[in-house]
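Numbering (the numbering used here), first residue to last: 1046 to 1731.
Just so you know, even glycine gets a beta-carbon here, dropped at the ideal spot from N, CA and C.
As the structure is a computational prediction, the values presented were derived from the model and not from experiment.
Heads up, the thing below is written out as structure tokens.
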């Protein structure tokens, strides 16, 4: 790290077709923020950039659905996302947007340089075209069967089930997502980045050069792509929303979003540098600068293969030192889904849990999907808060502040001779920045968060073992030393906790009334908060409050309501059957009856043998309802019976009629019966 002059940290640009949810936070933005905050505390020269990706096809789909313009969509969600990040404490040096003039110029210039140097391949190919919509169908305007896994709802650029990227023309039975029509093929001209020409370079640079420091999931995906053989990738699309292709004769074409979006990191850096009066170029062109991309696993191919190939083709830019992609975060056992509203949205969380930004930051970090997909549950969120933040971190700080105010009116006492234990724990405090920092630098943020909590645990154990509240009467001089040592713990926590729980770190710093300490000062200084220093007096501010069961239940109820709404929205109603005449209907004799006996059919999973009083007689009916009802639960049940159905033998038992049933969305059966209790058996239903 000492040899690095600058750090350029990027976080994946979120699509502005919806708000940010916890999956985005856990996969990209929280780890990127932890890393950036840590580097700043190490006094490194850091620029941390991101911005709204406003040119994706999902945005135009969203606009069509809502009957508004794409610009309306991006303006709305850019504002929501930007404010959510700010309120959550994501410390971007610049959060830009790809609709900004500086980005349009940067992306156009980038394309033009590669075009003029002959770095693209120009091809006329047949692409899918919707005759009714009168437009070519790019990416997510096409849905069809994935040629690799058979998923019938694969998009034109990528299958979300198996993760395979492909072209829209590769899909089996493609359909237009706009009209539902089967598209035709029509010739169109596009420019392609010849990834095949960069294959040897990528293999050497990543699979050989970074085999020891990149994450296995990243290396594995890159290896798979390279072994499959890289092919030219289109960098333009037939769309009317995006950055126009700056070539004569390219009217109606825009830069493909995955060509334009990563260039957004460069344009965001330019925008920041101009605002701050800095030179942007060293952050992207100096070999001593370390470039790190934080992304989710669905973006690995674009940040490890396509964007580096673009940078290499350009020739002026450095390549990423690391791309620590995370896996996916699920929610209560189900995959997060924006379209199905199965998510915890950041802006809603901030409204429903005011002042608890750090609780979510910590819970997502402690359960981060770093090596495999993980599951966010509200019960784990509650446990992380109550058992770790409240009972450990908050409890330790509260005891230190309360006792310092009680015994010394908030003045840090002068220590006496240190015991062997005192010296031991003071030395351990010095070790913690190195321990936590090592984990952060290896992108093990989950591990780092637990080491941070271990510092608090060590302080709690020290206080618990020394018991100053018992010794204050018999040995007040010893208590001065104990509390002095405990306050050094508290001061160290303001620094070591800051990357993970920055709002809490700031609160603690204010309570202790100390200046901001650098990361390395904890290891270098013998005194972090001096004797005679006045801390905040009066009732101490509570750092963390308990999350109650009712708070958790409210969130679970909210998710259950979402699940029910999705079921209703996706409910498939059987189509109407062939028309019958009134005379056909009158042939059916449907009567009310009562089940008087019921038992399972031997060796049959679905069948019950019923005795039914139809008012006409008592008859046997075999009914396939055993998976929905227990025999003993339906005796005495009022039912509707088709009594003039021709008898039929089922497993040797003659069934003399049929019970009318309705099937619910989840496949459960319910009886069709008369509402009134006084309807007698044998009454006709018409």
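Cutting at 8 Å between CB atoms, please list the residues of its own chain near residue i, excluding the five before and the five after it.
| i | result |
| --- | --- |
| residue 1550 | 1538, 1539, 1540, 1542, 1543 |
| residue 1496 | 1477, 1480, 1481, 1484 |
| residue 1522 | 1461 |
Quick one: using the 10 Å Cβ neighbour count with 16 as the cut-off for buried, is residue i buried or exposed?
| i | result |
| --- | --- |
| residue 1467 | buried |
| residue 1526 | buried |
| residue 1430 | buried |
| residue 1349 | buried |
| residue 1194 | exposed |
| residue 1047 | In this prediction, residue 1047 has a pLDDT of 49, which is less than 50 and means its spatial position is unreliable; what the coordinates show is noted afterwards. So residue 1047 counts as exposed. |
| residue 1238 | buried |
| residue 1095 | buried |
| residue 1352 | buried |
| residue 1360 | exposed |
| residue 1434 | buried |
| residue 1519 | exposed |
| residue 1648 | exposed |
| residue 1406 | buried |
| residue 1075 | buried |
| residue 1165 | buried |
| residue 1226 | exposed |
| residue 1380 | exposed |
| residue 1731 | exposed |
| residue 1693 | exposed |
| residue 1207 | exposed |
| residue 1528 | buried |
Do you know how far the Cα of residue j is from the Cα of residue i?
| i | j | result |
| --- | --- | --- |
| residue 1192 | residue 1229 | 19 Å |
| residue 1169 | residue 1058 | 31 Å |
| residue 1585 | residue 1066 | 33 Å |
| residue 1056 | residue 1126 | 14 Å |
| residue 1212 | residue 1270 | 15 Å |
| residue 1695 | residue 1678 | 23 Å |
| residue 1220 | residue 1599 | 40 Å |
| residue 1593 | residue 1117 | 39 Å |
| residue 1472 | residue 1156 | 55 Å |
| residue 1307 | residue 1151 | 11 Å |
| residue 1424 | residue 1536 | 31 Å |
| residue 1716 | residue 1709 | 11 Å |
| residue 1402 | residue 1426 | 12 Å |
| residue 1595 | residue 1077 | 32 Å |
| residue 1416 | residue 1511 | 40 Å |
Here's a check: name, in chain order, each residue in its chain whose Cβ is nearer than 7 Å to the Cβ of residue i, leaving out the five neighbours to either side.
| i | result |
| --- | --- |
| residue 1362 | 1329, 1330, 1356 |
| residue 1131 | none |
| residue 1292 | 1160 |
| residue 1718 | 1683, 1684, 1685 |
| residue 1318 | 1324, 1325 |
| residue 1726 | 1637, 1638, 1639, 1658, 1659, 1660 |
| residue 1178 | 1221, 1223, 1224 |
| residue 1566 | none |
Could you name the residues of the same chain whose beta carbon sits closer than 6 Å to that of residue i, not counting the 5 residues immediately before and after it, in chain order?
| i | result |
| --- | --- |
| residue 1554 | 1539 |
| residue 1231 | 1174 |
| residue 1072 | 1341, 1371 |
| residue 1105 | 1115, 1286 |
| residue 1703 | 1687, 1690 |
| residue 1347 | 1303 |
Kindly identify the DSSP beta-bridge partner or partners of residue i.
| i | result |
| --- | --- |
| residue 1200 | 1188 |
| residue 1729 | 1636 |
| residue 1095 | 1140 |
| residue 1061 | Note: residue 1061 sits in no beta bridge, so no partner. |
| residue 1175 | 1180 |
| residue 1694 | 1699 |
| residue 1715 | 1707 |
| residue 1166 | 1237 |
| residue 1685 | 1637 |
| residue 1579 | 1456 |
| residue 1056 | 1339 |
| residue 1289 | 1299 |
| residue 1421 | 1376 |
| residue 1051 | 1334 |
Fill in: Any beta strand (DSSP E) of 3 or more consecutive residues that is wholly inside the region 1206–1256
1217–1221, 1229–1238
Worksheet item: What are the start and end residues of each continuous alpha helix (DSSP H) run of 4 or more residues lying completely inside the region 1425–1460, in chain order?
Response: 1440–1453
Worksheet entry | Secondary structure, beta strand (DSSP E): runs of 3+ residues fully inside the region 1312–1357 | 1334–1339
Fill in: Complete beta strand (DSSP E) runs within the region 1645–1675 (minimum length 3 residues, chain order)
1653–1658, 1663–1668
Worksheet entry | In chain order, each alpha helix (DSSP H) run of at least 4 residues that lies wholly inside the region 1460–1544 | 1465–1486, 1490–1511, 1513–1519, 1521–1541
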